[in-house]
Amino acid sequence: MAYVILKALAPIFVIMFLGFFAGKRGMVDNKNVALLNIFVMDFALPAALFSATVQTPWNAIVQQWYLIVILAVSMWIIFAAIYFLSTNVFKKPAKEAAVLTLTVALPNYAALGLPILGSVIGENTGVSLSVAISIACGSVLLTPLCLLILEREKARENGTVSGSSLAMLPILAWRSVTKPIVWGPLLGVVLSAVGIKMPEIVLLAIKPLGLAATASALFLTGLILSARTLKVNFVVSVSSITKLVIQPILAWGMVLLLGLHGDLAITAVLMLALSAGFFGVVFGNRFGVQSADAEATLLISSILCIVTLPVFITLTAGL
1 MAYVILKALA PIFVIMFLGF FAGKRGMVDN KNVALLNIFV MDFALPAALF
51 SATVQTPWNA IVQQWYLIVI LAVSMWIIFA AIYFLSTNVF KKPAKEAAVL
101 TLTVALPNYA ALGLPILGSV IGENTGVSLS VAISIACGSV LLTPLCLLIL
151 EREKARENGT VSGSSLAMLP ILAWRSVTKP IVWGPLLGVV LSAVGIKMPE
201 IVLLAIKPLG LAATASALFL TGLILSARTL KVNFVVSVSS ITKLVIQPIL
251 AWGMVLLLGL HGDLAITAVL MLALSAGFFG VVFGNRFGVQ SADAEATLLI
301 SSILCIVTLP VFITLTAGL
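Each residue of the sequence shown is one higher than the last, beginning at 1 in the UniProt record's numbering.
This is the structure we're talking about:
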């Protein structure tokens with residue numbers, strides 16, 4: 001099983017290394033990555049997320065509402081806990097705390113979900129559907145929270161919006177919703193809910209963008225990391241443990257509370273046992289926010305999940 005996980009992680013490390021190598025060798029300017037960030041955040045990832053959500057049948061989504069509840073609640077609890085610790089205990093600025101929080105709370109569904117679930121449960125349409133639902137949950141129910149915080153801090157710095165967070169909420173919510181990374185998957189969910197099927201020619205037209213999404217995001221992450229000095233500290237240790245141990249245990253507790261078993265229970269736990277995702281680092285870069293702790297957590301959790309994932313895979317065998 002460790003080999004299967006290592007094989008699933010190999011593309012992540014290889015592509016991130018290529019971005020890291022390109023940045024270190026000066027082949028790509030690792031200080032100015034705005035153009036690549038625009039491609040990833042405004043085109044590639046929105047296209048991939050839209051394709052995943054619009055092709056997910058609404059009745060199938062409704063049938064897996066238990067999975068949606070577990071994923072959403074687990075991610076929200078971790079998001080709230082890490083953000084509170086970051087701002088009140090670790091004394092991080094709000095925008096840096098938001099980047100770290102999203103990195104910890106949002107697992108790497110996009111890159112690891114399918115290979116890990118496929119090796120445990122078996123490659124079938126049910127597994128693909130579960131991964132698509134997981135991606136949709138993260139992009140629609142979690143990433144806007146990070147965007148709201150980043151937009152709030154940006155507005156305060158620019159002096160364009162002032163007042164309490166509650167008073168700023170309508171404007172900030174609108175700014176977040178108008179970003180392709182949010183409205184792309186959200187539009188897919190809405191179209192699926194009302195039963196509108198995208199013409200095949202449209203899906204074929206954006207398919208290359210979707211295929212490039214994960215690779216370009218990982219390359220960009222490696223490029224960003226090449227400009228930093230990674231340090232493992234107490235914050236990184238807490239973040240990594242929270243991601244790899246506490247979050248899946250939280251999901252496990254909800255599985256037991258709801259009395260779930262079988263593939264659905266296994267999927268819920270393993271999806272949240274995946275390593276940290278790259279969204280936080282990429283989001284932060286788009287807003288000019290550098291979080292060394294988020295970057296180190298991304299790398300450390302990706303390495304350590306080679307150890308923790310087999311443990312949870314073994315433990316969930318009895319569910």
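Glycine residues also receive a C-beta, built at the ideal position from the N, C-alpha and C atoms.
On a predicted model such as this, the values are computed, not experimentally measured, just so you know.
Item to complete: Could you tell me which residues DSSP puts in a beta bridge with A276?
Response: On the sequence shown, residue 276 is found 276 positions in, with the first residue counted as 1. DSSP lists P107 as the bridge partner or partners of A276.
Worksheet item: Whose CA, out of T308, L270, A94, G118, lies closest to the CA of E157?
Response: As a position in the sequence shown, residue 157 is number 157, starting the count at 1. The candidate whose alpha carbon is nearest that of E157 is A94.
Fill in: Enclosing alpha helix (DSSP H) for F43 [first to last residue]
Along the sequence shown, read from residue 1 onward, the residue named residue 43 stands at position 43. Counting along the chain, F43 falls outside any alpha helix (DSSP H), and DSSP gives it neither H nor E.
Worksheet item: Taking one C-beta from the region 82 to 94 and one from the region 227 to 246 each time, how about it: are there three or more such pairs within less than 8 Å?
Response: By the C-beta criterion, the region 82 to 94 is judged to be in contact with the region 227 to 246, since at least 3 inter-stretch pairs fall below 8 Å.
Worksheet entry | DSSP-derived helix/strand/coil call for T316 | Looking up residue 316 in the sequence shown gives position 316. In the structure shown, T316 sits in a helix (DSSP, three-state: H, G or I).
Practice prompt. Starting from M27, follow the alpha helix (DSSP H) in both directions and report where the run begins and ends.
Written response: Position 27 of the sequence shown, counted from the start, is the residue given in the question as residue 27. Here M27 belongs to no alpha helix (DSSP H), and DSSP marks it neither H nor E.
Worksheet item: When the Cα atoms are used, what is the spatial distance from L298 to F312?
Response: Position 298 of the sequence shown holds residue 298. Position 312 of the sequence shown holds residue 312. Between L298 and F312, the C-alpha separation is close to 19 Å.
Item to complete: Compute the Euclidean distance between the alpha carbons of Q64 and F234, then round it to the nearest angstrom.
Response: Indexing the sequence shown from 1 puts residue 64 at position 64. Indexing the sequence shown from 1 puts residue 234 at position 234. Take the alpha-carbon of Q64 and the one of F234: they are about 37 Å apart.
Worksheet entry | Coil, strand or helix - N32 by DSSP | Within the sequence shown, residue 32 is the residue found at index 32, counting from 1. N32 falls in the coil class under three-state DSSP.
Fill in: Sufficient close CB pairs (3 or more, under 8 Å) joining the region 47 to 55 to the region 202 to 213
Note that the region 47 to 55 touches the region 202 to 213; at least 3 beta-carbon pairs, one per stretch, sit closer than 8 Å.
Worksheet item: Residue range of the alpha helix (DSSP H) that S192 falls in?
Response: Here residue 192 corresponds to residue number 192 of the sequence shown, with the count starting at 1. Note, S192: alpha helix (DSSP H), 180 to 193.
Worksheet item: How about residue 342 and T56: do their beta carbons lie closer than 8 Å?
Response: As shown, the chain starts at 1 and ends at 319. That puts residue 342 outside it, with no answer to give.
Worksheet item: Within this structure, are the beta carbons of S139 and V54 separated by less than 8 Å?
Response: Counted from its first residue, the sequence shown places residue 139 at position 139. Counted from its first residue, the sequence shown places residue 54 at position 54. It is not a contact, given that the beta carbons lie outside the stated cut-off.
Worksheet item: Counting pairs of beta carbons, one from the region 182 to 199 and one from the region 258 to 268, are three or more of them closer than 8 Å?
Response: Cβ pair count under 8 Å is below three, so no.
Discussion item. Judging by CA-CA distance, which residue of A155, F279, L223 is the nearest neighbour of residue 327?
Written reply: Here the chain comprises residues numbered 1 to 319, so residue 327 is not present and cannot be evaluated.
Item to complete: Determine the contact status of I116 and P310, defining contact as a CB-CB distance below 8 Å.
Response: Indexing the sequence shown from 1 puts residue 116 at position 116. Indexing the sequence shown from 1 puts residue 310 at position 310. No.
Fill in: Helix, strand or coil at S291 [DSSP, three-state]
Taking the first residue of the sequence shown as 1, we reach residue 291 at position 291. Reduced to three states, the DSSP call for S291 is coil.
Worksheet item: Can you give the Cα-Cα distance for S301 and V189, rounded to whole angstroms?
Response: Within the sequence shown, numbered from 1, the residue matching residue 301 stands at position 301. Within the sequence shown, numbered from 1, the residue matching residue 189 stands at position 189. Roughly 30 Å between the two C-alpha positions.
Fill in: Status (buried if at least 16 other CB within 10 Å, exposed otherwise) for N59
The residue labelled residue 59 in the question sits at position 59 within the sequence shown. Classification for N59: exposed.
Worksheet item: What are the boundary residues of the alpha helix (DSSP H) that Q63 is part of?
Response: To locate residue 63, count along the sequence shown from 1; it is residue 63. Element bounds for Q63: 58 to 63.
Item to complete: Could you have a look at T221 and say whether DSSP puts it in helix, strand or coil?
Response: What you label residue 221 is simply residue 221 of the sequence shown in a count that begins at 1. In this structure, T221 counts as helix in the three-state DSSP scheme.
Fill in: 6 Å Cβ shell around A98 - same chain, five flanking residues per side excluded
In the sequence shown, residue 98 corresponds to position 98, counting from 1. Here the set comprises C146, I149, L150.
Discussion item. Using 8 Å for Cβ pairs, my map puts M41 next to V282. What's the rounded Cβ distance?
Written reply: Numbered from 1 along the sequence shown, position 41 holds the residue referred to as residue 41. Numbered from 1 along the sequence shown, position 282 holds the residue referred to as residue 282. Contact holds; Cβ gap of about 6 Å.
Worksheet entry | DSSP-derived helix/strand/coil call for K154 | Residue mapping note: residue 154 aligns to position 154 of the sequence shown, counting from 1. Looking at K154 - three-state DSSP - the assignment turns out to be helix.
Worksheet item: Among E153, P144, L203, which residue has its Cα nearest to the Cα of W174?
Response: Numbered from its first residue, the sequence shown carries residue 174 at position 174. Looking from the CA of W174, the closest CA among E153, P144, L203 belongs to P144.
Worksheet item: Between P107 and L272, which are expected to be in contact by the criterion C-beta below 8 Å, what is the C-beta distance as a whole number of angstroms?
Response: Here the question's residue 107 lines up with position 107 in the sequence shown. Here the question's residue 272 lines up with position 272 in the sequence shown. Confirmed, Cβ separation roughly 6 Å.
Worksheet item: If you draw a straight line from the C-alpha of K31 to the C-alpha of V202, how long is it?
Response: Counted from its first residue, the sequence shown places residue 31 at position 31. Counted from its first residue, the sequence shown places residue 202 at position 202. Straight-line Cα distance between these residues: approximately 35 Å.
Worksheet item: Which first and last residues belong to the alpha helix (DSSP H) in which L260 is found?
Response: The sequence position of residue 260 within the sequence shown is 260, counting from 1. Premise fails: L260 is in no alpha helix (DSSP H) and is neither H nor E.
Worksheet item: Which two residues bound the contiguous alpha helix (DSSP H) that contains I196?
Response: Counted from its first residue, the sequence shown places residue 196 at position 196. Neither: I196 is in no alpha helix (DSSP H) and is coded neither H nor E.
Fill in: Cutoff 8 Å; reference G304; Cβ partners in own chain excluding five residues on either side
Within the sequence shown, residue 304 is the residue found at index 304, counting from 1. Going by the sequence as given, residue 304 is Leu instead of Gly. These residues qualify, in order along the chain: S240, L244, S275.
Worksheet item: Hey, M254 and I78 are a contact pair by Cβ (cut 8 Å); roughly how many whole angstroms apart?
Response: For the purposes of this step, residue 254 is taken as residue 254 along the sequence shown, with counting starting at 1. For the purposes of this step, residue 78 is taken as residue 78 along the sequence shown, with counting starting at 1. Not a contact, Cβ separation roughly 13 Å.
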